[in-house]
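Worksheet for the structure shown next.
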Amino acid sequence: MASVMRFISLAGRRSWLYYNKVEQLTDESILRTNKEQAFWKLGKLNHLAIAVPDLEKATAFYRDVLGASVSEQLPLPEHGVTTVFIDLGNTKIELLHPLGEQSPIEGFLAKKPEGGMHHICIEVDDIKAAMKDLVSNKIRTLSKEPRIGAHNKPVMFLHPKDCGGVLVELEEA
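For the sequence shown, full-length UniProt numbering assigns the number 1 to the initial residue and increments by one for each residue that follows.
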């Protein structure tokens, strides 16, 4: 099968990616993992988070229109948000609504009043090891130490400028 080469930049490194006709990545060097180098393991996608201006309306959409199971509202004053989780079976959607004047979601909604995609959350087996390794690889974090998140587990956020423009939350599994 013929391959097509594409030049891209990943984390400041220039790389060639080879795609076959069905756009399947075939360059093994790009797909390698850090298993030999890191003392932590990346897990599954835990949730996608959406900032919403009207939590009741958004909850009703997922529950009443789409028929999803939704959690009760969970206020997290230490994070400045109220959350609702929508169960999708293999992952979740987290609805985020501002709680308090210092809420980071308030700033997000000021820029994007209709709301929208806020972050993705990926599980890791050892958040402190992950944080140490990522910082050594010049990936910025939004806090010096992990904090307890909505699932009562340690979480940390990675700077979107170091993650392809996406805010990434890591949660200890």
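Ideal Cβ positions, reconstructed from N, Cα and C, are used throughout, including at glycine.
Closest in alpha carbon position to residue 79, among 160, 114 and 99, is 99. Only exposed fits residue 159, as fewer than 16 other CB atoms lie within 10 angstroms of its CB. In the structure shown, the three-state DSSP call for residue 65 is helix.
Looking at the DSSP output, residue 169 bridges to 121 and 157. Sequence-distant partners of residue 85 (beyond 5 residues in either direction) whose C-beta falls short of 6 Å from its own C-beta, in its chain, are 71, 92 and 94. Contact between residue 49 and residue 121 holds, with the beta-carbon distance rounding to 7 Å and staying under 8 Å. Residue environment analysis places residue 152 among the exposed positions, since fewer than 16 neighbouring C-beta atoms fall within 10 angstroms of its C-beta. In the same chain as residue 44, and ignoring 5 residues on each side of it, the C-beta atoms closer than 7 Å to its own belong to 123, in chain order. Of 96, 136 and 73, the smallest CA-CA separation from residue 114 is found for 96. Membership of residue 56 in the alpha helix (DSSP H) is indicated by the continuous run 55-60. The residues 118, 119, 157 and 160, in chain order, have a CB closer than 7 Å to that of residue 167 in the same chain once the five nearest residues on each side in sequence are set aside. Counting along the chain, the unbroken beta strand (DSSP E) around residue 76 starts and ends at 74-76. For residue 86, the beta-bridge partners assigned by DSSP are 70 and 93.
Collapsing the DSSP output to three states places residue 49 in a strand. The continuous alpha helix (DSSP H) containing residue 106 extends over residues 104-111. When secondary structure is reduced to three states using DSSP, residue 139 falls in the coil class, being assigned neither helix nor strand. Excluding residues up to 5 positions away in sequence, 40, 41, 43, 172 and 173 lie with their Cβ nearer than 8 Å to the Cβ of residue 125 in the same chain.
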